[in-house]
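Here is the structure we will look at.
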Amino acid sequence: MRRTVFFSLVFFLLQAFHTLKAQQQGTAPRQLDSLTRLMQSHPPPEVQMKVFIGLSDYWRSRDNNKAMAYARQMSDIARSRQDKLYIGIAAFVEGNVYNSADQLDSALNRYRQALKILEPLKEKTAVYYQARVWNNKGIILQKKDSAGQYLDILLNTVVPLAEKIKDSAMIGHAYVNIISLMVYSGRYEKALSYYDAIIGLYKKFLPDEMLAIAYLAYVRGTLFSGIPDLNFAGKNLALARARLAKDTSSRVWINYYGMAGGLAFTANQYTRALQCFDSGLALNARWKVGYDALTLVWGKAETYYKMNRVQEAKRAMYELDKFVSIYNMKADRIALLRKIAFLEAATGNYPLAYRKLDEYVQRMDTANLLKANVAIADLEEKYQNAQKQHEIELLQSKSRFNRYLTLSSIALTLLLVLLLLLLRSRYRARKAAAEQEATLLLQKIQQQQQEQQYEVARALLEGEERERRRLAGDLHDGLGGMLATARMNLTGLTDGAGDTQRGLDKVIGQLDQSVNELRRIARNMIPEALLRSGLETALTDLCASLPADKINVDYQMIGIPDTTPGQQELVIYRIVQELLTNVLRHAGATEIFVQCSQRDHTFHITVEDNGKGLDDVADGNNKGIGIANVRNRVAFLRGRMDIRSAPGKGTAIDIELHLT
199 MRRTVFFSLV
209 FFLLQAFHTL
219 KAQQQGTAPR
229 QLDSLTRLMQ
239 SHPPPEVQMK
249 VFIGLSDYWR
259 SRDNNKAMAY
269 ARQMSDIARS
279 RQDKLYIGIA
289 AFVEGNVYNS
299 ADQLDSALNR
309 YRQALKILEP
319 LKEKTAVYYQ
329 ARVWNNKGII
339 LQKKDSAGQY
349 LDILLNTVVP
359 LAEKIKDSAM
369 IGHAYVNIIS
379 LMVYSGRYEK
389 ALSYYDAIIG
399 LYKKFLPDEM
409 LAIAYLAYVR
419 GTLFSGIPDL
429 NFAGKNLALA
439 RARLAKDTSS
449 RVWINYYGMA
459 GGLAFTANQY
469 TRALQCFDSG
479 LALNARWKVG
489 YDALTLVWGK
499 AETYYKMNRV
509 QEAKRAMYEL
519 DKFVSIYNMK
529 ADRIALLRKI
539 AFLEAATGNY
549 PLAYRKLDEY
559 VQRMDTANLL
569 KANVAIADLE
579 EKYQNAQKQH
589 EIELLQSKSR
599 FNRYLTLSSI
609 ALTLLLVLLL
619 LLLRSRYRAR
629 KAAAEQEATL
639 LLQKIQQQQQ
649 EQQYEVARAL
659 LEGEERERRR
669 LAGDLHDGLG
679 GMLATARMNL
689 TGLTDGAGDT
699 QRGLDKVIGQ
709 LDQSVNELRR
719 IARNMIPEAL
729 LRSGLETALT
739 DLCASLPADK
749 INVDYQMIGI
759 PDTTPGQQEL
769 VIYRIVQELL
779 TNVLRHAGAT
789 EIFVQCSQRD
799 HTFHITVEDN
809 GKGLDDVADG
819 NNKGIGIANV
829 RNRVAFLRGR
839 MDIRSAPGKG
849 TAIDIELHLT
């Protein structure tokens with residue numbers, strides 16, 4: 199899991215890591231004064247150019263404008279002397295300044311100029327700078343998503359040139375870069391085994407800042423090995439810090455805080471990880487280099503996500519999206535789209551989440567298809583070249599060697615077919631996985647929407663019950679009291695005789711009926727029997743309360759437990775109450791059958807009548823307020839309702855509820 203989360207973090211950390219390792223080490227601060235004094239002594243031009251190289255290297259990681267000014271002063275002296283070696287070196291130094299500022303195209307242009315001048319020269323210094331130019335050119339190719347080309351340059355160009363001039367320090371630098379690429383490609387255990395050998399062999403040739411970078415690579419390789427050894431990683435992080443302590447202005451401190459944050463993240467110390475990433479960003483503000491900032495912002499985004507601080511994680515991810523777009527990092531762009539989709543879903547922005555996920559699927563498919571097309575074109579070119587070579591050899595001779603070439607061509611054709619089939623299979627598998635992931639996200643979104651609807655229904659029902667209780671209290675305490683007082687006053691006036699007496703008796707009778715009706719309404723609004731005696735008793739009283747002179751009620755209560763009533767029991771009571779009210783008001787029935795039963799967590803309700811029935815059940819158009827209320831309450835308890843009815847044949851309603 200941690201490998202997946204920090205994959206892009208590793209990639210961006212490697213950019214600054216390779217750049218610092220491969221370039222000539224910047225002059226230490228304690229040597230700056232000596233270089234400045236040396237320039238003040240007006241040395242000869244040869245010495246001035248070497249001093250300008252040192253000064254440009256020193257300021258490259260601190261002030262790009264000063265670094266470029268020294269590089270151009272060196273170039274002016276070299277051109278005035280028509281010194282090809284130092285003209286080429288000056289182009290290389292200018293390229294380094296552009297590289298440090300992430301002006302990659304300008305840096306590549308200067309490196310090409312430097313190689314064009316230096317490659318014809320055979321002296322040792324020229325070969326030394328050729329190796330450095332090739333290395334830094336490879337770093338830029340890696341930044342442009344061509345890590346394979348960089349590895350090829352290291353193995354086939356940089357190392358041979360360094361071995362040619364027997365430069366142990368440069369060989370050490372090159373091998374550390376090679377192993378860093380192993381870390382980037384996921385070969386962590388292999389990389390760690392090489393680090394031990396290389397540090398032991400070339401340690402004495404590496405300056406402090408370079409050793410610090412090597413120790414940080416140890417940390418990286420350890421964190422992303424099969425079973426991360428956090429103690430081992432912490433020790434190497436401390437070694438890197440000790441080396442960097444000698445130069446507090448070194449830009450490598452940014453990478454140090456990035457790896458310190460990565461170590462804290464892996465150890466689930468998320469607050470510490472945020473502190474480290476913020477420290478790195480504060481340092482990076484001095485140089486304002488995109489790759490370094492991107493690394494640290496990515497770390498913050500992943501850490502916020504782990505801490506469930508979703509809004510902050512989302513803001514960081516969108517900030518990352520700007521960097522990734524600027525540097526055209528296709529793989530990281532795809533991974534970022536997937537992460538943003540899940541964050542948008544987590545914050546309830548489902549339409550945008552779906553669009554981001556759809557873009558992720560399309561980009562992933564496009565990226566895989568492009569890779570497949572490139573591989574196919576490469577295989578076809580190799581096959582065509584082999585065929586041409588075979589035809590030439592066939593014209594020259596009819597020997598067994600020609601037959602061997604024929605067999606080789608056939609084998610290459612078969613290999614091409616197999617590779618094409620493999621690429622197609624992998625493409626389809628990845629597309630299917632992406633579609634499955636999109637389906638799962640949609641299901642999650644639908645589930646969250648259902649849960650939101652459930653919460654809304656619960657809030658509505660609770661609000662309705664609160665309002666019922668309030669109205670019942672007002673009716674009983676307010677209007678009920680007033681009616682009772684009026685009856686008492688009228689009773690006191692019953693001493694008269696004749697028509698007056700009869701009129702008062704009639705009014706008192708009407709008041710008694712009003713009080714009884716008021717009490718019935720209050721009881722319906724607050725089912726006291728439910729609160730006092732439980733659900734079974736409350737339902738029994740409800741059925742028994744129907745007017746026996748108007749309708750015959752047959753009711754059965756089966757297996758209803760005697761538990762303390764809660765929200766679910768109140769909803770069940772309201773469902774039965776609403777169904778009976780609908781029968782009395784609209785059905786014109788003379789008989790009602792009510793059966794309520796419970797088994798485990800399932801509650802069944804059946805209400806049948808012999809009334810006039812419904813004529814719109816088949817079309818599902820029975821949208822009366824009463825039935826709508828019943829449906830809402832059934833949905834709240836995640837149940838189902840079935841209505842069977844026909845005009846003149848009565849109605850039967852079956853309900854199944856799921857209790858928790």
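Just so we're aligned: 735 in my numbering is position 537 of the sequence shown, and the numbers increase by one with no gaps anywhere.
Cβ coordinates follow ideal geometry from the N, Cα and C atoms, glycine included.
First through last residue of the alpha helix (DSSP H) which encompasses A850: The sequence position of residue 850 within the sequence shown is 652, counting from 1. Careful: A850 lies outside any alpha helix (DSSP H), inside the beta strand (DSSP E) at 849 to 856.
Three-state secondary structure assigned by DSSP to I790: Here the question's residue 790 lines up with position 592 in the sequence shown. Residue state, collapsed to three classes: strand.
Contact set for T323: own chain, Cβ-Cβ below 7 Å, skip 5 residues either direction: Reading the sequence shown from its first residue, position 125 is the one you call residue 323. Correct list, in chain order: L283.
Own chain residues within Cβ distance below 6 Å of D852, not counting five before or after: Within the sequence shown, the letter at position 654 stands for residue 852. Excluding residues within five positions, the ones whose Cβ falls inside 6 Å are T804, D840.
For F540 and D760, the rounded distance between their alpha carbons: Counted from its first residue, the sequence shown places residue 760 at position 562. Counted from its first residue, the sequence shown places residue 540 at position 342. Using only the alpha carbons, I get a separation of about 46 Å.
Secondary structure of K537, DSSP reduced to three states: Taking the first residue of the sequence shown as 1, we reach residue 537 at position 339. Residue state, collapsed to three classes: helix.
When R797, M408, E806 are compared against E789, the one with the closest alpha-carbon: On the sequence shown, position 591 is the one that residue 789 refers to. E789 has its Cα closest to that of E806, out of R797, M408, E806.
One or two residues paired with M755 in a DSSP bridge: For the purposes of this step, residue 755 is identified with residue 557 of the sequence shown, where counting begins at 1. For M755, which the question treats as bridged, DSSP gives the partners C794.
Inter-residue CB distance, A458 and L442 (contact presumed, cutoff 8 Å): One-based indexing of the sequence shown puts residue 458 at position 260. One-based indexing of the sequence shown puts residue 442 at position 244. Their Cβ separation, rounded to whole angstroms, is 11 Å, which puts A458 and L442 out of contact at 8 Å.
Whether I376 touches L409 by CB criterion (8 Å): If you number the sequence shown from 1, residue 376 lands on position 178. If you number the sequence shown from 1, residue 409 lands on position 211. Cβ distance not < 8 Å, so I376 and L409 don't count as in contact.
For V325 and L610, the rounded distance between their alpha carbons: Here residue 610 refers to the residue found at position 412 of the sequence shown. Here residue 325 refers to the residue found at position 127 of the sequence shown. Looking at the two C-alpha atoms, the distance is approximately 39 Å.
Identity of the residues DSSP links to E361 by a beta bridge: Translated into positions along the sequence shown, residue 361 becomes position 163. In the DSSP output, where bridge partners are listed per residue, E361 has none listed.
N-terminal and C-terminal residue of the beta strand (DSSP E) that T861 is part of: Residue 861 cannot be examined here, being either before or after the span of the chain that is shown, 199 to 858.
Rounded C-alpha distance that separates T355 from S259: Stepping through the sequence shown from its first residue, residue 355 is reached at position 157. Stepping through the sequence shown from its first residue, residue 259 is reached at position 61. Their backbone Cα atoms lie some 26 Å apart in a straight line.
Cβ neighbour criterion (16 or more within 10 Å) applied to N583: Against the sequence shown, residue 583 aligns to sequence position 385. With a pLDDT of only 48 at N583, under the threshold of 50, the placement of this residue in the model should not be trusted, and no figure is reported.
Coil, strand or helix - N334 by DSSP: One-based indexing of the sequence shown puts residue 334 at position 136. In the structure shown, N334 sits in a helix (DSSP, three-state: H, G or I).
Cβ neighbours of K444 in the same chain (closer than 6 Å, five flanking residues each side left out): Numbered from its first residue, the sequence shown carries residue 444 at position 246. Correct list, in chain order: D406.
Residue from N294, A742, L857 whose Cα sits closest to the Cα of H799: Taking the first residue of the sequence shown as 1, we reach residue 799 at position 601. When only C-alpha atoms are compared, the closest one is L857.
E542 vs A551 beta-carbon contact at 8 Å: By one-based count along the sequence shown, residue 542 stands at place 344. By one-based count along the sequence shown, residue 551 stands at place 353. Closer than 8 Å, so yes.
4 or more residues per run - each alpha helix (DSSP H) lying fully within the region 424 to 498: 428 to 442, 450 to 464, 468 to 482
Per DSSP, cross-strand counterpart(s) of S843: As a working mapping, residue 843 is identified with position 645 in the sequence shown. In the DSSP output, where bridge partners are listed per residue, S843 has T849.
Limits of the unbroken alpha helix (DSSP H) element including S304: The residue you call residue 304 lines up with position 106 of the sequence shown. Where S304 is concerned, the enclosing alpha helix (DSSP H) stretches over 302 to 316.
Given C794 as reference, the closest of G786, N780, N808, Y771 once Cα atoms are compared: As a first step, residue 794 is located in the sequence shown; it is residue number 596 there, counting from the start. Checking every option, the nearest Cα to that of C794 belongs to Y771.
The region 229 to 242 contacting the region 265 to 282, beta-carbon criterion three pairs below 8 Å: no
Helix, strand or coil at N506 according to DSSP, with G and I counted as helix: One-based indexing of the sequence shown puts residue 506 at position 308. N506 falls in the coil class under three-state DSSP.
Same chain, Cβ closer than 6 Å to I756, five either side skipped, listed in chain order: Taking the first residue of the sequence shown as 1, we reach residue 756 at position 558. Contacts found: S795.
Range of the contiguous alpha helix (DSSP H) that encloses R258: Here residue 258 is taken as the residue at index 60 of the sequence shown, counted from 1. Start and end: 243 to 258.
Stretch pair the region 335 to 352 + the region 361 to 371: three plus CB contacts closer than 8 Å: no
Rounded C-alpha distance that separates Y413 from S278: Taking the sequence shown and counting its residues from 1, the one referred to as residue 413 is at position 215. Taking the sequence shown and counting its residues from 1, the one referred to as residue 278 is at position 80. Near 43 Å, if we compare the C-alpha coordinates of S278 and Y413.
Cβ pair K264, W257 closer than 8 Å: Locating residue 264 in the sequence shown gives position 66, where the first residue counts as 1. Locating residue 257 in the sequence shown gives position 59, where the first residue counts as 1. Yes, the pair counts as a contact, with Cβ atoms nearer than the cut-off.
Inter-residue Cα distance where the pair is G336 and R310: Here residue 336 refers to the residue found at position 138 when the sequence shown is read from its first residue. Here residue 310 refers to the residue found at position 112 when the sequence shown is read from its first residue. Roughly 12 Å separates the two Cα atoms.
Beta-bridge pairing of R838 - partner residues as DSSP gives them: Within the sequence shown, residue 838 is the residue found at index 640, counting from 1. According to DSSP, R838 bridges with E854.
Exposure of D255, with buried meaning 16 or more beta-carbon neighbours within 10 Å: As a working note, residue 255 is residue 57 in the sequence shown. When all chains shown are included, D255 counts as buried.
For A438 and K451, the rounded distance between their alpha carbons: Along the sequence shown, read from residue 1 onward, the residue named residue 451 stands at position 253. Along the sequence shown, read from residue 1 onward, the residue named residue 438 stands at position 240. In the sequence on display, residue 451 carries Trp and not Lys. Computed Cα separation, rounded: 9 Å.
Top-ranked residue by Cα proximity to E292, from A269, L313, R418, R624: In the sequence shown, residue 292 corresponds to position 94, counting from 1. Taking only the C-alpha atoms, the option nearest E292 is A269.
Inter-residue Cα distance where the pair is M380 and H371: The residue you call residue 380 lines up with position 182 of the sequence shown. The residue you call residue 371 lines up with position 173 of the sequence shown. When rounded, the distance between both Cα atoms is 15 Å.
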